[in-house]
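Some notes on the structure that comes next.
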Amino acid sequence: MTRPPVFFQPTDGWVGDLIPFEKDGEFWLFYLHEVRTDPKPGTSWNLVTTKDLTQFEDQGVSLQHGSESDLDFNAYTGSVVVDETGIHHLFYTGQNPRNLGPDGAPLQLVMHATSTDGMQTWVKHPELTFGAPADYESGDWRDPFVFRDEAAGQWRMLLAARHSDGPERRRGVIAQCVSSDLMTWEHTEPFWDPRRYITHECPDVFAWGGWWYMVYSEFSESFTTRYRMATSPDGPWTVPNLDSIDGRAFYASKSAERDGRRFFFGWIASKEGNRDDGPWQWAGTMSVLEAHQNPDGTLAFSFADELVESFWDEIPVTFDRALPAALHAPDGYAAIVSREVLPPQFYARAVLQIEPDTTECGLLLCSSDDGDRSYVLRLEPKRGRLVFDRWPRTITGDAQWHVSGDVPFDIELERPCDLAPGEHTLEVILDGDLCVAVLDRQVALSARIYDLPAGRLGVFAGEGSVTVTELEIRKRTDN
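Using my numbering, read the sequence shown as starting at 20 and increasing by one per residue.
As structure tokens, this is what we get:
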């Protein structure tokens with residue numbers, strides 16, 4: 020029996036940056052198709068489509084990359100828009116490692132293709148190619164995002180770019196071009212110029228409920244996707260208290276809207292060697308989060324209801340006590356672990372009543388029967404964060420104290436959150452080596468899990484008290 024994967028990945032490669040587009044109620048998810056061979060082939064835009072966010076149809080190559088002598092040997096990230104006549108315009112980054120700019124780095128160029136048959140085929144227009152203007156680095160001019168500014172009566176193109184002067188790590192700028200016809204573009208003042216990051220990859224801008232949102236991915240302070248808010252597309256842009264979409268593992272996320280709902284599509288990075296200690300790699304497996312607007316306009320992130328509802332076969336689990344189960348450990352540690360080993364794919368939802376002054380509590384995943392070896396989704400109310408941890412951590416020697424105990428958790432997998440005393444809901448989806456958690460339908464945290472392929476589920480409390488009031492675990496129907 021096989022179950023369809025929760026998260027899409029092509030059979031012949033990996034998912035890189037996504038370019039989502041909604042058409043007639045269906046999501047067309049263009050993505051950079053990563054093939055890990057040496058020498059590396061060129062990068063094309065592939066396409067996967069979905070109507071329900073649970074079943075995905077791999078459509079293969081959509082925009083073919085160029086030859087070894089073409090400017091678009093690598094066809095990198097961009098965007099798709101449709102004009103008033105119904106023609107689709109695809110803007111993308113052309114790059115060829117053999118085509119160097121004045122600074123010695125491969126040139127990055129904005130390139131253009133159009134489709135008159137509903138995006139079934141694309142015609143490239145190399146004569147419309149253009150690069151960075153003076154005072155910008157020619158090797159960073161990518162990820163063109165085009166949107167219609169109705170108030171100004173023009174199209175605006177945002178680009179991940181870098182100034183040619185200033186501190187090396189803080190030259191990043193979202194550059195801007197404008198056009199009346201999508202064919203000729205004029206460089207204008209930057210869209211956003213914070214002088215804060217190396218660059219702002221995969222920019223994305225949209226209006227929703229009286230607010231404008233700007234989304235970008237940075238690899239300076241963190242390797243993550245962030246957003247800013249404003250009341251107009253011209254700013255000023257403000258920083259929400261929790262300004263990231265997910266953690267380190269979820270990157271290059273861009274959004275699309277359907278029926279008043281907005282979804283963020285990104286990739287969960289794989290790790291080298293398929294091991295927990297392996298370095299993060301570029302590209303991975305596609306994942307989708309649904310955004311919700313809080314009353315103050317900030318964004319919350321959760322699983323899409325369609326995804327949760329695709330898990331509807333209950334998995335019975337038993338513990339050494341019935342639910343609701345209270346774990347009381349005011350100055351110690353307590354845990355309950357299921358008698359049953361869970362399958363490699365499931366959805367779990369735990370409602371936890373956290374008492375005041377509790378230091379930590381949460382879920383154990385892929386756990387040993389005593390709860391010692393496991394992955395850990397740990398809520399830390401005193402620090403206001405959700406972290407992903409595991410035990411054992413890196414083993415550095417054969418002596419008892421050589422356990423890397425001074426590593427507090429997977430440093431890059433940490434999410435600030437509100438953990439005031441009271442009821443909190445922790446949801447998690449496991450699918451093979453992928454794990455995504457959502458707290459209170461507000462905060463998402465994705466991770467890779469390789470070293471512990473299967474195990475039990477547990478609940479724990481450390482230096483405090485928590486009551487498990489509800490716990491449900493479901494799987495998809497066997498095929």
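Glycine residues also receive a C-beta, built at the ideal position from the N, C-alpha and C atoms.
Given the structure is predicted, the values throughout are model-derived calculations rather than measurements.
- According to the DSSP assignment, Asp43 belongs to no beta strand (DSSP E), since it is labelled neither H nor E.
- By the neighbour-count definition (other C-beta atoms within 10 Å, threshold 16), Lys59 is an exposed residue.
- Shown here for Ala348: same chain residues with a beta carbon closer than 6 Å to its own, the five before and five after excluded, namely Ala480 in chain order.
- Here the region 212-228 makes no contact with the region 133-144; the two share fewer than three CB pairs at distances below 8 Å.
- Taking all protein chains in view, the Cβ of Ser263 is crowded by 16 or more other Cβ atoms within 10 Å, so the residue is classified as buried.
- Contact between the region 190-197 and the region 168-179 is present, with at least three C-beta pairs closer than 8 Å.
- If you draw a 10 Å sphere on the C-beta of Gln114, you find 16 or more other C-beta atoms in it, and that means buried.
- Looking from the CA of Ala367, the closest CA among Asp296, Gly477, Asp417 belongs to Gly477.
- In terms of CA proximity to Ala268, Ile287 leads the group Asp253, Cys436, Arg281, Ile287.
- Residue environment analysis places Leu361 among the buried positions, since at least 16 neighbouring C-beta atoms fall within 10 angstroms of its C-beta.
- Taking a cut-off of 8 Å for Cβ pairs, the region 389-398 and the region 54-71 do not touch, as fewer than three such pairs fall below it.
- For Asp159, the enclosing beta strand (DSSP E) begins and ends at 155-168.
- Here Asp450 carries a strand assignment [DSSP, helix/strand/coil].
- Considered as a whole, the region 225-257 harbours no complete run of any alpha helix (DSSP H) with no fewer than 4 residues.
- Here Val356 is near Asp388, since their CB atoms are less than 8 Å apart.
- Note on the region 264-342: whole beta strand (DSSP E) runs with a minimum of 3 residues are 269-277, 280-290, 299-312, 318-321, in chain order.
- Sixteen is the threshold: since fewer than 16 other Cβ atoms of the shown chains lie within 10 Å of the Cβ of Arg117, the residue is exposed.
- Between the alpha carbons of Thr148 and Asn93 lies a distance of about 14 Å.
- Among the bridge pairs identified by DSSP, Cys196 is matched with Met176, His206.
- At the C-beta level, Leu432 and Val406 come within 8 Å of one another.
- By the C-beta criterion, the region 157-168 is judged to be in contact with the region 177-191, since at least 3 inter-stretch pairs fall below 8 Å.
- Here DSSP, grouped into helix, strand and coil, assigns Glu433 to strand.
- Secondary-structure assignment with DSSP links Phe365 through a beta bridge to Leu449.
- In the pairwise beta carbon analysis, the region 66-79 is classified as touching the region 36-51: at least three pairs are separated by under 8 Å.
- Per DSSP, the beta bridge partners of Val101 are His107.
- For Ala310, the closest alpha carbon among the candidates Arg281, Gly316, Thr486 is that of Arg281.
- Less than 8 Å divides the Cβ of Phe26 from the Cβ of Thr304.
- Note on geometry: alpha-carbon atoms of Pro125 and Gly85 lie some 15 Å from one another.
- Cβ neighbours of Tyr352 within its own chain (closer than 6 Å, five residues either side excluded): Gly481.
- For the pair Leu37 and Lys273, the CB atoms are nearer than the 8 Å cut-off.
- Less than 8 Å separates the beta-carbon of Thr244 from that of Asp265.
- Per DSSP, reduced to three states, the secondary structure at Glu146 is helical.
- DSSP, reduced to helix, strand and coil, places Glu374 outside both helices and strands of the structure shown, so it counts as coil.
- For Val67, DSSP records a beta bridge to Leu48, Asp77.
- Take Leu201, set aside five residues on each side of it, and the residues of its chain with a beta-carbon closer than 7 Å to its own are Asp102, His108, Trp174, in chain order.
- In the displayed model, Glu379 falls within a strand according to three-state DSSP.
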